[in-house]
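**Student:** For the sequence shown, the positions run 0 to 185 when numbering that gives the first Met the number 0 is used. No residue lacks a Cβ here, since even glycine has one placed at the ideal position from N, Cα and C.
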Amino acid sequence: MASKRKNLSFAEKNELIEKFQNSNFSKAAFAKANSIPRMTFNNILAAKLCSSNAQICDQERKRQRLSPYENVDKALLSWIKYARSQNAPISWNVLKEKSLEFANELGESSFVASNGWLQRFNSRHNLSFKKLCGEATDFDSSSLKEWKDVVLRDILERYESANVFNVDECGFFLSDLARQNSLFQR
0 MASKRKNLSF AEKNELIEKF QNSNFSKAAF AKANSIPRMT FNNILAAKLC
50 SSNAQICDQE RKRQRLSPYE NVDKALLSWI KYARSQNAPI SWNVLKEKSL
100 EFANELGESS FVASNGWLQR FNSRHNLSFK KLCGEATDFD SSSLKEWKDV
150 VLRDILERYE SANVFNVDEC GFFLSDLARQ NSLFQR
């Protein structure tokens, strides 16, 4: 015999709420028409306030699990956004160190930045670690004009024009930078 219980995802719950708001049914009549227990529908409507304020990245999730260290979560997430805007490489170890630093500042003495906590943090905020390829994030366009006017001119003066060649795709990558960076998934 199949289970009577059915877990609804956030997307399904939001769809039900929108249907209810556009209908003329009472709560009980709407719940009965959609084959949902009345109390379950009341709970979905009550939890709507909580889920609309929270940023739910994955609409297929059934439940929203909050971190016991919500302040550390918020501080670390805002730091990650700032660091990514500055094109700073963010590794797993950097996240651990920063989370411990924020926990100490916020007075969370029992906080431990374990691999499990960091994995759950990444899944809660839809982060992933990927290797960044290319030099797009390292390019500084403001110094390009200065380099062309000063440095390139000095170099070209030392050579005859017949000995100058074009090298478009040449780059130097440091191996000691973080190989994988934390990125937000879309």
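In angstroms with no decimal places, state the Cα-to-Cα distance between Tyr81 and Phe120.
**Tutor:** 17 Å
**Student:** Along the chain, where does the alpha helix (DSSP H) containing Leu126 start, and where does it finish?
**Tutor:** Leu126 -> not in any alpha helix (DSSP H); beta strand (DSSP E) instead, spanning 126-129.
**Student:** Should Tyr68 be labelled buried (16 or more other beta-carbon atoms within 10 Å of its own) or exposed?
**Tutor:** So Tyr68 counts as buried.
**Student:** For Lys73, report the span of its alpha helix (DSSP H) as first-last.
**Tutor:** 69-84
**Student:** Apart from the five residues on each side of it in sequence, which residues of its chain come closer than 8 Å, Cβ to Cβ, to Leu15?
**Tutor:** Leu7, Asn33, Ile35, Phe40, Ile43
**Student:** Out of curiosity, what's the CA-to-CA distance linking Lys144 and Arg152?
**Tutor:** 11 Å
**Student:** By DSSP, does Ser98 sit in helix, in strand, or in coil?
**Tutor:** helix
**Student:** Measure the alpha-carbon distance for Val163 versus Trp146 and round it to whole angstroms.
**Tutor:** Between Val163 and Trp146, the C-alpha separation is close to 17 Å.
**Student:** Hey, out of Val149, Phe128, Lys95, Glu17, whose CA is closest to Gly115's CA?
**Tutor:** Lys95
**Student:** Can you round the beta-carbon distance between Ser98 and Leu75 to whole angstroms, since I take them to be within the 8 Å contact cut?
**Tutor:** In this structure Ser98 touches Leu75 by the C-beta definition: roughly 5 Å separates them, less than 8 Å.
**Student:** For Lys26, collect the residues of the same chain with a Cβ closer than 8 Å to its Cβ; drop the 5 residues on either side in sequence, then sort them by chain order.
**Tutor:** Phe19, Arg37, Phe40, Asn41, Leu44
**Student:** Going by other Cβ atoms of all chains shown within 10 Å of its Cβ, with 16 needed for buried, is Leu126 buried or exposed?
**Tutor:** buried
**Student:** Taking the straight line between their C-alpha atoms, what separation do you get for Val150 and Tyr158?
**Tutor:** 13 Å
**Student:** Could you give the uninterrupted runs of the alpha helix (DSSP H) lying entirely in the region 6-39, keeping only those of 4 residues or more?
**Tutor:** 9-21, 26-32
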